[in-house]
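Beneath this line is the structure, given in C-alpha cells, with notes to follow.
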Amino acid sequence: MMIPEEWGWSPYFAEAFKPWEKSGYQAARVIRGEKNYFRVYCPAGDLTVRFAGKIRHNAIDRAGLPVVGDWVVVEPQPGERGIIHALLPRKSSFSRNLPGHRKSRGKQRLEQQVIAANIDLIFIVSGLDRDFNLRRIERYLTLVGSSGADAVILLNKTDLCEDPAECKAQVEEIAESVPVHLCMARDTDQLEFIFRYVEQGKTIALLGSSGVGKSTILNGLLGEQRQKVAEVSHSDGKGRHTTTHRELFLLPEGGIVMDNPGMRELHLWGGEDDLLESFNDIEELALQCKFSDCRHQTEPGCAVTAALAAGALKQERLSSYRKLKDELVSLTRRR
Ligand SMILES: Nc1nc2c(ncn2[C@@H]2O[C@H](COP(=O)(O)OP(=O)(O)OP(=O)(O)O)[C@@H](O)[C@H]2O)c(=O)[nH]1
Ligand SMILES: [Mg+2]
Ligand SMILES: [Zn+2]
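In this text, residue positions in the sequence shown follow our numbering: the first is 52, and each later residue adds one.
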C-alpha cells in the first residue's frame, strides 16, 4: 500500500503503522475536522470517518483522541466512509489549556486541548491594525516552543500601519531567533517570500486571532479563493470568526497548509521549561543571579532587576514573563 508522501507520510509513521500492515486497514491523515465528523485522506480516497468505540474507551483523556493533522489507522467502508481504529504517535502537537469547560466534584478540571498535530512550522499571524499586541505574541511563542514545531511570525496588513518597520523591530526584540516578516496578504504578489518555507510533505499551520488574515494568506498560497474571508468589525476591529473548522490544504507546488479558526483564549499548556526558548534573554540573566532560587524581586545580586535598572530589559517584558511563569507553575501544581 502506497501513501503519497505529499501528505507528509514519513518513515516515522511507517514504523508506527507496521503492526497494522497485515490488518487490511489503511494509514490515513485527518485533513478536516468539523464538530461531528472528520475527513481523512488515505489510499482508498477521501473518507468521512467516525471513531471506533474502542479508541474513545482507550484514550485516557481528550488528548488521546485524533485531531486534524494526525495520522490514524482507518478501516475503509462502502460509500466513502470509514472507522478510525487507532491514533499513530505524534511528531509534534500544539496544545492549550482549556480551563473551566467541565467541572468534576466542584473543582475546575484542567484539560489539555490538542489543537493540531504533526505540524512542522507554525506561522503566528498578527495584524498590524488593532490586533497588534506584543504580549500575545510572547504567549504564542511560548506555546509554539512546547509544540515541537518551528515558528515564523507574520505581521500582516502593513497598509493599515503607520510605521510597519518600527512594529517589526519591536517584535524582533522579543522574538529572539524566530524570523519576523511584514506582509500585506491582500496583495498576492507580496506573499511570494512565503514559498521559501514551503516544502513537499511539510505541514505549516496558520495561527492567530480572528480577522488577522490567515485565510487570505492561505488563498494567496493556493492561488484561488478557496476559503471564505470576511471584513473585521468596524466597531472593535475584531474578526468575525469566519473560519469555523480546521483543515489541511495541499498547495499546487507541494507542501501542506492548515487553516484554523481564530483563537479567543490562549491559556498555556506545558511546563516552565517552555520559557527557555521564548524568554531566553531573561532565563540567561537568571543564571547570573546570586541565588539560584532568586525570584527577581528584592533579592541582592539579582541580574534581572539589574538589567531592568540599566534599561537593558523592559518592564513590560519582565511582567509578561512573570505572568506566564506563574501560569505554568500553577498549571504544573494542579496537574
Ligand atoms: N487592509 C488589509 N486587509 C487585509 C489584509 N489581509 C487580509 N485582510 C482582510 O482582513 C479581513 C479578515 O481576513 P481573513 O483572512 O478572513 O482573516 P482570518 O484570520 O482567516 O479570520 P478568521 O477566519 O475569522 O479566524 C478580510 O476582510 C481580509 O480581506 C491586508 O494585508 N490588508
Ligand atoms: Mg479564516
Ligand atoms: Zn534574580
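Even for Gly, the Cβ is constructed at its ideal location relative to N, Cα and C.
Look up SER370 in the DSSP assignment and say whether it is helix, strand or coil.
For the purposes of this step, residue 370 is identified with residue 319 of the sequence shown, where counting begins at 1. Three-state DSSP puts SER370 in a helix.
Closer than 6 Å: LYS219 CB and nearest ligand 2 heavy atom:
Start at 1 with the first residue of the sequence shown, and residue 219 comes out as number 168. No - ligand 2 has no heavy atom lying nearer than 6 Å to the Cβ of LYS219.
When DSSP builds the beta bridges, which residues end up paired with THR41?
Outside the modelled stretch of the chain, which goes from 52 to 386, sits residue 41, for which no answer is possible.
Any residue whose CB is nearer than 5 Å to a heavy atom belonging to ligand 3, listed in chain order:
Those residues, listed in chain order, are CYS340, CYS345, HIS347, CYS353 and VAL355.
From ALA357 to VAL203, what does the alpha carbon distance come to, in whole angstroms?
On the sequence shown, position 306 is the one that residue 357 refers to. On the sequence shown, position 152 is the one that residue 203 refers to. ALA357 and VAL203 have their alpha carbons spaced roughly 31 Å apart.
Tell me HIS232's beta-bridge partners as DSSP assigns them.
Within the sequence shown, the letter at position 181 stands for residue 232. In DSSP, HIS232 forms a bridge with LEU205.
If you measure between the beta carbons of ALA78 and TRP122, is that distance less than 7 Å?
Translated into positions along the sequence shown, residue 78 becomes position 27. Translated into positions along the sequence shown, residue 122 becomes position 71. Contact flag set, yes.
In three-state terms, what does DSSP make of SER177?
Residue numbering aside, residue 177 sits at position 126 when the sequence shown is read from its first letter. DSSP places SER177 in strand when its eight states are reduced to three.
List, from N- to C-terminal side, the beta strand (DSSP E) runs of 3 residues or more that fit wholly inside the region 59 to 135.
Qualifying beta strand (DSSP E) stretches, in chain order: 77 to 84, 89 to 93, 96 to 102 and 122 to 128.
State whether the region 166 to 174 contacts the region 97 to 105, with contact taken as three or more CB pairs (one from each stretch) at a distance under 8 Å.
In short, these stretches do not touch, since the Cβ pair count stays below three.
Less than 7 Å between the beta carbons of GLU189 and SER370, yes or no?
Position 138 of the sequence shown, counted from the first residue, corresponds to residue 189. Position 319 of the sequence shown, counted from the first residue, corresponds to residue 370. In this structure, SER370 does not lie closer than 7 Å to GLU189 by Cβ.
Would you call the region 103 to 113 in contact with the region 139 to 148, where contact means no fewer than 3 C-beta pairs closer than 8 Å?
These segments do not touch.
Return yes when at least one heavy atom of ligand 2 lies under 6 Å from the C-beta of LYS265, else no.
Counting from one through the sequence shown, the residue named residue 265 turns up at place 214. Yes, the Cβ of LYS265 comes within 6 Å of a heavy atom of ligand 2.
Determine whether the beta carbon atoms of SER278 and SER261 lie at a separation below 7 Å.
To locate residue 278, count along the sequence shown from 1; it is residue 227. To locate residue 261, count along the sequence shown from 1; it is residue 210. Here the sequence assigns Gln to residue 278, which means Ser is not the residue at that position. Not closer than 7 Å, so no.
Buried or exposed: ALA216, going by 16 or more other Cβ atoms within 10 Å of its Cβ?
What you label residue 216 is simply residue 165 of the sequence shown in a count that begins at 1. It is exposed - the Cβ of ALA216 has fewer than 16 other Cβ atoms within 10 Å.
Determine the DSSP secondary structure at PHE145, reduced to helix, strand or coil.
Against the sequence shown, residue 145 aligns to sequence position 94. Looking at PHE145 - three-state DSSP - the assignment turns out to be strand.
Which residues in the same chain have their Cβ closer than 6 Å to the Cβ of VAL165, if we skip the five residues on either side of it in sequence?
Working through the sequence shown from its first residue, we reach residue 165 at position 114. The answer, listed in chain order, is ALA114, VAL118, SER144 and SER146.
Could you give the distance in angstroms between the alpha-carbon of LYS73 and the alpha-carbon of LEU149?
For the purposes of this step, residue 73 is taken as residue 22 along the sequence shown, with counting starting at 1. For the purposes of this step, residue 149 is taken as residue 98 along the sequence shown, with counting starting at 1. Their backbone Cα atoms lie some 38 Å apart in a straight line.
Please determine whether the Cβ atom of THR294 lies at a distance below 6 Å from any heavy atom of ligand 2.
For the purposes of this step, residue 294 is taken as residue 243 along the sequence shown, with counting starting at 1. THR294 Cβ: within cutoff of ligand 2.
Tell me the start and end of each unbroken beta strand (DSSP E) in the region 301 to 373 that is at least 3 residues and wholly inside, in chain order.
Taking only runs of at least 3 residues, the beta strand (DSSP E) segments lying wholly in the region 301 to 373 are 307 to 310.
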